[in-house]
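Under the working numbering, think of the first position of the sequence shown as 41, with each following residue one higher.
We treat Cβ as the ideally placed atom computed from N, Cα and C, and that holds for glycine.
Note that the structure is a prediction, hence the values are computed from the model and not measured.
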Amino acid sequence: MRRVLLIIPLAAAALAVGACGSEGIEVPEDNPDFRGAELFAERCSGCHTLSAAGAQGSANRSQRAQGPNFDQRKETYEDAIYAIANGGFSGAIMPQNIVGGGDADAVARFLAQYSGKDVRDPDDSAEPIIPRPEREP
Ligand code: HEC
Numbered sequence: 041m042r043r044v045l046l047i048i049p050l051a052a053a054a055l056a057v058g059a060c061g062s063e064g065i066e067v068p069e070d071n072p073d074f075r076g077a078e079l080f081a082e083r084c085s086g087c088h089t090l091s092a093a094g095a096q097g098s099a100n101r102s103q104r105a106q107g108p109n110f111d112q113r114k115e116t117y118e119d120a121i122y123a124i125a126n127g128g129f130s131g132a133i134m135p136q137n138i139v140g141g142g143d144a145d146a147v148a149r150f151l152a153q154y155s156g157k158d159v160r161d162p163d164d165s166a167e168p169i170i171p172r173p174e175r176e177p
């Protein structure tokens with residue numbers, strides 16, 4: 041009987057970890073950006089690569105749905121918020137509002153902080169893949 045009681049919480053913990061997809065997250069758990077990294081791993085990793093979140097979603101760019109690799113591309117907070125709200129910059133493939141409110145804020149802050157790690161000169165990545173529409177600052 042005692043053994044059964046022990047197994048249940050362990051199984052629940054394993055499930056919780058699996059559901060978050062938090063394996064491979066490089067952000068320490070006590071870092072303010074950890075929540076954003078977790079959300080990125082959960083919601084964005086299917087289509088985007090970002091090693092800080094353990095995400096490999098850009099691995100096969102021949103598939104249309106796969107988005108930019110954020111190790112090779114620096115994103116600003118503002119652009120991340122814009123892309124989340126509008127479904128990328130084309131609005132064609134990436135779903136809109138996968139995360140909203142405080143979650144969108146957390147993902148955008150995480151992305152601004154951790155994207156572009158393979159970019160030598162951050163200005164090199166300033167050119168968007170898809171031209172960005174004019175918008176209020
Ligand atoms: C179904 C696949 C898919 C998912 C899920 C997805 N994206 Fe995207 N995303 C794309 C594609 C494809 C593009 C490139 C085309 C475009 O910008 O419309 C893109 C573009 C972007 C861009 C703009 C990149 C640039 O510099 O041009 C950002 C920022 C972005 N995504 C962030 C996110 C975040 C954050 C999440 C999770 C909340 C997410 N994406 C989830 C497919 C996806």
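Cβ-Cβ separation between GLY94 and GLY64: approximately 2 angstroms, consistent with a contact (criterion under 8 angstroms). Under the three-state reduction of DSSP, GLN153 is assigned to helix. Per DSSP, the beta bridge partners of LEU90 are ALA95. By the 16-neighbour rule on beta-carbons within 10 angstroms, SER130 is exposed. Cβ contact annotation for TYR117 (same chain, cutoff 7 angstroms, sequence separation greater than five): ALA148, ARG149, ALA152, in chain order. With a beta-carbon spacing of about 5 angstroms, GLN106 and CYS87 fall inside the 8 angstroms limit used to define contacts. Residue pairing by DSSP places ASN137 opposite no residue, since no beta bridge is assigned to it. Comparing C-alpha distances from LYS114 to each of LEU90, GLU66, ALA144 shows the shortest one belongs to LEU90. Beta-bridge pairing by DSSP links ASN126 to no other residue.
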